[in-house]
Amino acid sequence: MNETEYGLSKKLWLECFPEDGEYFVEHYYSTRSKPEYVLGAFEIGEAAPVSMMHIIPVMMRFNGIARRIALVAGVCTCPDKRGRGLCTSLFDKAFDIMSERGFDATVLQPFDPAFYERFGYKTFIWRKKVAVSADKLTNIGQTYENISPDPAALARLYSDAMRDHDGCTIRDEAYFSSFIGEYSASDAVLYVTENGCCAGYADGNRLAVTELFYRRGIDPVLLLPAGFDEYVYPVSVLCGSPPGSGTAIEPFSMIKTLKNDIVIDPCRCFGFDRY
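Quick note on our numbering: the sequence shown kicks off at 17 and runs consecutively.
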């Protein structure tokens, strides 16, 4: 896309994903994506796309090796233009672009796994969400001191937490500068300690956790910030079951390999990483 098309594509994102809100979209477009990362479909003579996807270059670790990955996000089509094969055309073009740019694989987090299976994606990370009420937890938000978020410190903490896991993005200080900005929204919560980080969004007295990473040996429940009646957070299916009512196991991340030398070991893959 060019700059004009890129700016106009924000409207399509908000139309298809209204739950994200304007703050998130503006932040995502200014810090995570770029015009050259977005592939769009247009009606003749129009600058606003009717279908699009973002192809974000990231580094991810598989079998201990850092690989160049095409992260697909924001796949959407105008509601009145669906059923015309626009997404299929975009994916056909996208796979050519990914190969030209030298990506080793492409990864996404699906809204409908069956939809993406049509294009060769397979689930490699599963997770479940757990809901727990505050009255079942002790010492919540009181065990570790909340500290001011620092991009460099968060990058070191994240690297330490994820070093033995596959399927996680490799994040640097610049990423966490953007991360802190994202969780500066009015409904966002960012709770950082020396031992871990919890980030999410408040919905009244309920906190929906979207990021939870921590040092080895730390009980993640103790990283939940006090002040909410209920917490919903993701748990890897390889982890033990914490207190609360768990939902069914669900696909979290899908992958399509573009090179044959990538080894996927589900026992090393971690399902907490929000791309």
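Backbone N, C-alpha and C fix where the C-beta goes; we use that ideal spot for every residue, glycine too.
{"Item": "CB of residue 250 within 8 Å of CB of residue 152, strictly", "Value": "no"}
{"Item": "Sequence-distant residues of the same chain with beta carbon closer than 7 Å to residue 282, five excluded per side", "Value": "140"}
{"Item": "Buried or exposed by the 16-neighbour rule on C-beta atoms within 10 Å, applied to residue 256", "Value": "Any answer about residue 256 is weak, because its pLDDT of 46 lies below 50 and its placement is not dependable; what the coordinates show is given next. Exposed, since its Cβ has fewer than 16 Cβ neighbours within 10 Å."}
{"Item": "Whether residue 188 touches residue 171 by CB criterion (8 Å)", "Value": "yes"}
{"Item": "C-alpha gap between residue 54 and residue 124, whole angstroms", "Value": "15 Å"}
{"Item": "Helix, strand or coil at residue 90 [DSSP, three-state]", "Value": "strand"}
{"Item": "Range of the contiguous beta strand (DSSP E) that encloses residue 73", "Value": "67 to 78"}
{"Item": "Residue burial classification, residue 79 (beta-carbon count within 10 angstroms, cutoff 16)", "Value": "exposed"}
{"Item": "Unbroken alpha helix (DSSP H) run spanning residue 41, endpoints", "Value": "37 to 47"}
{"Item": "Residue 138 in three-state terms, based on DSSP", "Value": "strand"}
{"Item": "Classification of residue 221 by the beta-carbon crowding that lies within 10 angstroms, buried from 16 upward", "Value": "exposed"}
{"Item": "For residue 164, the three-state DSSP class (helix, strand or coil)", "Value": "coil"}
{"Item": "Cβ neighbour criterion (16 or more within 10 Å) applied to residue 83", "Value": "buried"}
{"Item": "Beta-carbon separation (whole angstroms), residue 108 vs residue 85, contact threshold 8 Å", "Value": "Not a contact, Cβ separation roughly 19 Å."}
{"Item": "Short Cβ contact (8 Å threshold) for residue 106 with residue 57", "Value": "yes"}
{"Item": "Local Cβ density within 10 Å of residue 127, reported as buried at 16 or more and exposed below that", "Value": "exposed"}
{"Item": "Inter-residue Cα distance where the pair is residue 122 and residue 219", "Value": "32 Å"}
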